[in-house]
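Participant:
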Amino acid sequence: MVKSVRASSSKQAKKSQPKISKKQVKETKALESKDVDAVAASDESDIEGFQSASENEASSQSESSELEEDEDEEEEEEKEGVDFGEIELQQGSHTIKKLDPRKQSENDKANAKKDKNSELSGILYISRLPQGFKERELSKYFSQFGDLKQVRLARNKKTGNSRHYAFLEYINKDDAVVAQDTMNNYLIMGHLLKVKVLPTGSSIDKLFRYKKKPFVTSKVAKSSAQLKKSANEKHEDRITKLKEAGIDFKW
Numbered sequence: 001m002v003k004s005v006r007a008s009s010s011k012q013a014k015k016s017q018p019k020i021s022k023k024q025v026k027e028t029k030a031l032e033s034k035d036v037d038a039v040a041a042s043d044e045s046d047i048e049g050f051q052s053a054s055e056n057e058a059s060s061q062s063e064s065s066e067l068e069e070d071e072d073e074e075e076e077e078e079k080e081g082v083d084f085g086e087i088e089l090q091q092g093s094h095t096i097k098k099l100d101p102r103k104q105s106e107n108d109k110a111n112a113k114k115d116k117n118s119e120l121s122g123i124l125y126i127s128r129l130p131q132g133f134k135e136r137e138l139s140k141y142f143s144q145f146g147d148l149k150q151v152r153l154a155r156n157k158k159t160g161n162s163r164h165y166a167f168l169e170y171i172n173k174d175d176a177v178v179a180q181d182t183m184n185n186y187l188i189m190g191h192l193l194k195v196k197v198l199p200t201g202s203s204i205d206k207l208f209r210y211k212k213k214p215f216v217t218s219k220v221a222k223s224s225a226q227l228k229k230s231a232n233e234k235h236e237d238r239i240t241k242l243k244e245a246g247i248d249f250k251w
């Protein structure tokens, strides 16, 4: 009895289930195959972005060999002494211009000289001056390098004699640098001159306190005798004119 009841219930369940057609089965299989192909294609695209270890090693070796060849070519060009102002390096569609390191060093030296000149003043310190080399001689000799602003010779307070060192100030700082380069260790009358440009902020105003000021006598236009003579001549002229007019005037 139990078996018959179970068999009847299973038959009823099969009858209640909807029947699947052959078309629906084919459509489901086609969709499954499309999904599998899409997954495989995505996996292949991910794998294409990476190379194997052997390929990576080969590419790195080729790059290193190219770099070594470029370095050898640069060394050969430097040995030959070819002057390249600008070297063009082509990388793809772009060109990179690289300056010659020798010219870069020259530009750096020029800029350093400009910076040094900006730190200097236009005042020259001159020592080991020979006897008789005073303000007039200094101004005449050093004016060949540029226009002088002022000249100061150090003198003794009591005697006024030279202490054999002096200071010159140029209007242009570059003239002072040229004078230093030219006249340092220059032999004059058996003395080696020592010339040095002082740094900025230096002044020589205080050194003019003991400057030798010669006494200048003021010249008189006319002496007293000349003045008396001219006065008498004018007086006589007046008296003669009065006599001609009929006036008797006694002084």
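Following the UniProt record's numbering, the numbering of the sequence shown begins with 1 at its first residue and continues without gaps. Here a beta-carbon is modelled for each residue, glycine too, at the ideal position from N, C-alpha and C.
Based on the DSSP output, what are the partners of valine 151 in its beta bridges?
Facilitator: Leu168.
Participant: What is the DSSP secondary structure of arginine 128, counted as helix, strand or coil?
Facilitator: Reduced to three states, the DSSP call for arginine 128 is coil.
Participant: Nearest to residue 252 by alpha carbon, out of Leu120, Arg163, Ser127 and His235?
Facilitator: Outside the shown range of the chain (1 to 251) lies residue 252, about which nothing can therefore be said.
Participant: Where does alanine 176 land, buried or exposed, given buried means 16+ other C-beta within 10 angstroms?
Facilitator: Counting Cβ neighbours within 10 Å, alanine 176 comes out buried, since at least 16 surround it.
Participant: What is the rounded straight-line gap between the Cα of lysine 196 and the Cα of glycine 122?
Facilitator: Using only the alpha carbons, I get a separation of about 10 Å.
Participant: If you count every other CB in all the chains shown that lies within 10 Å of the CB of alanine 245, and 16 or more means buried, which is it?
Facilitator: Alanine 245 should be labelled exposed.
Participant: Ignore the nearest five residues each way along the sequence and tell me which others in threonine 159's own chain have a CB closer than 8 Å to its CB.
Facilitator: Here the set comprises nothing.
Participant: Measure the alpha-carbon distance for arginine 136 versus phenylalanine 215 and round it to whole angstroms.
Facilitator: Rounded to the nearest angstrom, the two C-alpha atoms are 18 Å apart.
Participant: Taking 9 Å as the cut-off, decide whether the C-beta atoms of asparagine 172 and glycine 146 are in contact.
Facilitator: In this structure, glycine 146 lies closer than 9 Å to asparagine 172 by Cβ.
Participant: For methionine 189, which residues in the same chain have their Cβ closer than 6 Å to its Cβ, ignoring the five residues on either side in sequence?
Facilitator: Excluding residues within five positions, the ones whose Cβ falls inside 6 Å are Pro130.
Participant: So what does isoleucine 188 bridge to, in DSSP terms?
Facilitator: In the DSSP output, where bridge partners are listed per residue, isoleucine 188 has His191.
Participant: What does a CB cutoff of less than 6 Å around leucine 138 pick up in its chain, not counting 5 residues either side in sequence?
Facilitator: Answer for leucine 138: Val151 and Ala166, listed in chain order.
Participant: Whose C-alpha, out of Ala179, Thr217, Lys140 and Lys157, is nearest the C-alpha of tyrosine 125?
Facilitator: Out of Ala179, Thr217, Lys140 and Lys157, Ala179 has the C-alpha closest to the C-alpha of tyrosine 125.
Participant: What do you reckon, are the CB atoms on lysine 149 and glutamate 169 nearer than 9 Å?
Facilitator: For lysine 149 and glutamate 169, yes; Cβs fall inside 9 Å.
Participant: Got a sec? Which residues, its chain only, sit under 6 Å from glycine 49 by beta carbon, not counting five neighbours each side?
Facilitator: Any reading at glycine 49 needs caution, since the residue's pLDDT is 47, under 50, leaving its predicted position unreliable; the model's value is listed next. So no residue of the chain qualifies.
Participant: Sort out for me which residues DSSP pairs residue 252 with in a bridge.
Facilitator: The requested residue 252 does not occur in the structure, where the chain is confined to residues 1 to 251.
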